[in-house]
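Peer 1:
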Amino acid sequence: MTARILETNSTPLSRIDVEGVTVDLIENALRNAREEMDAVLFRTAMSPGIREQGDCFPMIANKDGKMVVGQFGSFIGPFLEAYDAEIEEGDVILTNDPYMCNAAVSHLPDWVVLVPIFRDGRQIAWSAMFGHMSDNGGMVPGSIPIEATTIYQEGIRIPPIKLYKKGVLQSDMLDLILHNVRTPEWNRFDLNALVAACNTAAKRVVELSERFGDDVLYSTMDIMLKRNYDAMKHIIEMFIPEEPREFEDYICDDGMGMGPYKIKCTLWREGSTAIFDFSGTDPQAQSSVNFYLNEDMFKMFFGSFTINVVDPQIVFNDGFYDLVDVRIPEGTLLKPKFPAALSGRTHALGRIFDILGALLGMGAPEQMLNAAGFSDSPHLFYSGYDDKGEWFQLFQIGFGGIPGRPVGDGPDGHSLWPGFTNVPNEFIESYFPLRIERYETIPDSGGAGLHRGGNGLSVAYRFLANGEVGIHDERWLTYPWGVLGGETGQRSTKRLVRADGSEEWLPAKVEGVKVKVGDVLYFNTWGGGGWGDPFARDPELVRQDVERGLVSASGARRYGVVMTDEGTVDDVETAALRAQLSGARSEIALFNRGGSIEELKNRCKGETHLEAPVSPSFTASA
1 MTARILETNS TPLSRIDVEG VTVDLIENAL RNAREEMDAV LFRTAMSPGI REQGDCFPMI
61 ANKDGKMVVG QFGSFIGPFL EAYDAEIEEG DVILTNDPYM CNAAVSHLPD WVVLVPIFRD
121 GRQIAWSAMF GHMSDNGGMV PGSIPIEATT IYQEGIRIPP IKLYKKGVLQ SDMLDLILHN
181 VRTPEWNRFD LNALVAACNT AAKRVVELSE RFGDDVLYST MDIMLKRNYD AMKHIIEMFI
241 PEEPREFEDY ICDDGMGMGP YKIKCTLWRE GSTAIFDFSG TDPQAQSSVN FYLNEDMFKM
301 FFGSFTINVV DPQIVFNDGF YDLVDVRIPE GTLLKPKFPA ALSGRTHALG RIFDILGALL
361 GMGAPEQMLN AAGFSDSPHL FYSGYDDKGE WFQLFQIGFG GIPGRPVGDG PDGHSLWPGF
421 TNVPNEFIES YFPLRIERYE TIPDSGGAGL HRGGNGLSVA YRFLANGEVG IHDERWLTYP
481 WGVLGGETGQ RSTKRLVRAD GSEEWLPAKV EGVKVKVGDV LYFNTWGGGG WGDPFARDPE
541 LVRQDVERGL VSASGARRYG VVMTDEGTVD DVETAALRAQ LSGARSEIAL FNRGGSIEEL
601 KNRCKGETHL EAPVSPSFTA SA
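Going by the working numbering, the first residue of the sequence shown is number 1, and it counts up by one from there.
Given below as structure tokens:
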């Protein structure tokens, strides 16, 4: 199957020589158009997830569907391979079903809009954008059911359809879709905003084509892709060895009593081609933690991660895809068979980035190896009826600690997703019946190291209306690992304090938790792993961390630093403590996981939460 583009002008586009100044003008204009897509979306969307948090991914692609500028990589190629229909000028295509578009999107809440860009009857480019909808129907509010066992339980499946045919809205189709979601008004506005953003990009591309000519624009896009190819070829040959290296990490559980789930990847190079082989990854889950990972999507992850680590000035696009070979066995957690549930794929997605960081950094740990810290994208769902009898539904993404890195400390309570921001507390309190009573970093939750891991966040939500809560988080069993002597980050916890003073610890993945007015949820995320020997950290930096509340006075001893009652460093005691601790520890391993997976399982004895997680003092090699 493949899409068929209908053009009234069949004259093919030609590749021609383009002056360097013209290339720079067009490149910057396209980058600005991509930024304008975000501006249009954020000013016209309604849901906090898109409008405030930026849970969306824009792109402008060439005629062949290869992203030229964008945030995270092209899903147009996989879509075109799966879409068996004609595409005409004025069409706007909508889909959300991973199984119908070769996993161009990976779970149903992500609605993707694609717009073919025409000029004078000839297609010259694509614009596309997808955003995470607040609701997609299904078993639970927010449409990411922990207990789903098939995709049919996760909400409405939208096959690739024409939302607009030759510029005409198919309103009956849209009404049918919105009839199946809990937040139809938000979804309608967010979808309109996605379309408006794509149309804005289309307008800018046509303006560029009118100014410079179709062939110049087409050729410039080719040059931009070639620049990326050349840069990534150099990076791959420099940092990826021919000798295979492997790494594995785990999703702690699936919320249904099963787990942990292993994700394993082996990396090596053949010539200029980087090969990622996920053989050894566990079979697909019976629950929703599967992640249908399209090979091109993983290439995009690899390119985005590598470019940001090596040289953020490189324009990220799809030009390098031919340099990467991704092998994912069918029937595994990363390539489940239909109709496996997919909505909880965020946990595996987060783990992929930790694994990437380990694999790419092994060859040059002093320059490239990050500790673990992406780990997950924590979700909180809160829904019910307010005192006016109106339905409310909150979906919020939280942040953990960013790992320590060769260049310095990891940021505290931050997102690794490009462009993501927190939803302002004032916005949340204005639109939902809750009050945020604490929003602060957790001292000592970041792993100690020469470069400290970022601290996790503690957010206290006081509920002002009866309702239900759902939680999706990770790293309650496994630690965000440290590297090169750095300690592990603290694990995540969720504590619910009832209005009557009673307390209960909640699992990291749970839904349908009844809450009443006055109950408080303490939503604590994980810290990032530490980088390098903590006893080599400048004691003055430790003192500053203590002064800022990022490290406690007792926690300073993890760095071998002794604080006085006056808040200064006791140099004599510090030297003595560092000598003692350095002499007592075992050989420093490349990775500090906090123990083997079996040791961690035995230590937790099957529990799905930990009351007082602490970083262990021993290390375990990969």
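Here a beta-carbon is modelled for each residue, glycine too, at the ideal position from N, C-alpha and C.
1) My understanding is that serine 445 touches glycine 489, with C-beta atoms under 8 Å, so please give their C-beta distance in whole angstroms.
2) Cβ atoms of tyrosine 479 and leucine 356: under 9 Å apart, would you say?
3) Please look up how many angstroms separate the CB atoms of glycine 90 and tyrosine 164, rounded, as I've assumed it's under 8 Å.
4) Please classify lysine 226 as buried or exposed, where buried requires at least 16 neighbouring CB atoms within 10 angstroms.
5) Using a Cβ-Cβ cut-off of 8 Å (strictly less than) and excluding sequence neighbours within five positions of aspartate 570, which residues of its own chain qualify?
6) Reducing DSSP to helix, strand and coil, say where lysine 262 ends up.
7) Looking only at C-alpha atoms, which of Thr2, Pro12, Leu114 sits nearest to phenylalanine 57?
8) Tryptophan 186 by DSSP, collapsed to three states: which one?
9) Can you name, in chain order, every residue of its own chain whose Cβ lies under 8 Å from the Cβ of arginine 495, other than the five neighbours on each side?
10) What number of angstroms, rounded off, separates the C-alpha of phenylalanine 118 from the C-alpha of glutamine 396?
11) My output table needs one value for cysteine 252: the three-state DSSP class, helix, strand or coil.
12) Using the Cβ count rule (16 or more neighbours within 10 Å means buried), how would you classify aspartate 354?
13) Leaving out five residues before and five after isoleucine 436 in sequence, what residues of the same chain have Cβ atoms less than 8 Å from its Cβ?
14) Could you give the distance in angstroms between the alpha-carbon of leucine 208 and the alpha-carbon of alanine 82?
15) What three-state label does DSSP hand asparagine 180 in the structure shown?
16) Flag this pair as yes or no: are the beta carbons of phenylalanine 247 and alanine 371 separated by less than 9 Å?
17) Nearest by alpha-carbon distance to valine 23: which of Ala553, Met221, Cys252, Ala202 is it?
18) May I have a chain-ordered list of the alpha helix (DSSP H) segments no shorter than 4 residues that lie completely inside the region 271-358?
19) Shortest alpha-carbon distance to serine 127 belongs to which of Asp412, Ile60, Val483?
20) Quick one: Cα of glycine 408 to Cα of aspartate 533, how far?
21) State the start and end residues of the unbroken beta strand (DSSP E) segment that holds proline 443.
22) Quick one: is glutamine 313 buried, meaning 16 or more other Cβ sit within 10 Å of its Cβ, or exposed?
23) Can you tell me where the beta strand (DSSP E) holding arginine 462 begins and where it ends?
24) Counting beta carbon pairs with one atom in the region 37-46 and one in the region 368-386, are three or more of them shorter than 8 Å?
25) Pick helix, strand or coil for tyrosine 99, following the three-state DSSP scheme.
26) Helix, strand or coil, according to DSSP, for aspartate 545 in the structure here?
27) When you compare only the Cα positions, how much space is there between serine 375 and tryptophan 526?
28) Using DSSP with H/G/I as helix, E/B as strand and the rest coil, what is aspartate 533?
29) Let's test the definition: count the other Cβ atoms within 10 Å of the Cβ of valine 324 and tell me whether it reaches 16, buried, or not, exposed.
30) The ligand MG and lysine 601: does the residue's C-beta get closer than 8 Å to at least one heavy atom of that ligand?
31) Using the Cα positions of glutamate 242 and alanine 575, report the straight-line distance between them to the nearest angstrom.
32) Just to check my reading of the structure: glutamine 286 and glycine 331 have Cβ atoms closer than 8 Å, yes? What is that Cβ distance to the nearest angstrom?
33) What runs of the beta strand (DSSP E), each 3 residues or longer, lie entirely inside the region 41-96?
34) Do methionine 224 and valine 68 come within 9 Å of each other at the CB atom, strictly closer than that value?
35) How many Å lie between serine 304 and glycine 77 at the Cα?
36) Let me know the secondary structure DSSP gives tyrosine 439 once reduced to three states.
Peer 2: Here's the rundown:
1) 6 Å
2) no
3) 6 Å
4) exposed
5) Val562, Met563, Thr564
6) strand
7) Of the candidates Thr2, Pro12, Leu114, Leu114 places its Cα closest to the Cα of phenylalanine 57.
8) helix
9) The residues Glu503, Glu504, Trp505, Leu506, Leu521, Tyr522, Asn524, in chain order, have a CB closer than 8 Å to that of arginine 495 in the same chain once the five nearest residues on each side in sequence are set aside.
10) 38 Å
11) coil
12) Burial call: buried.
13) Asn425, Ile428, Glu429, Val459, Ala460, Tyr461, Arg462
14) 30 Å
15) coil
16) Not in contact: phenylalanine 247 and alanine 371 (Cβ atoms no closer than 9 Å).
17) With distances taken between Cα atoms, valine 23 lies closest to Met221.
18) 295-310
19) Here the closest residue by C-alpha is Ile60.
20) 13 Å
21) Note, proline 443: premise wrong, no beta strand (DSSP E); not H, not E.
22) By the C-beta density criterion, glutamine 313 is exposed, having fewer than 16 other C-beta atoms within 10 angstroms.
23) 457-463
24) no
25) helix
26) Residue state, collapsed to three classes: helix.
27) 8 Å
28) coil
29) Valine 324 should be labelled buried.
30) By its list of ligands, the structure shown contains no ligand whatsoever, and the ligand MG lies outside what it can speak to.
31) 43 Å
32) Between glycine 331 and glutamine 286 the Cβ distance is about 13 Å, and since that is not below 8 Å, they are no contact.
33) 56-62, 67-70, 92-95
34) yes
35) For serine 304 and glycine 77, the gap between their C-alpha atoms comes out near 18 Å.
36) strand
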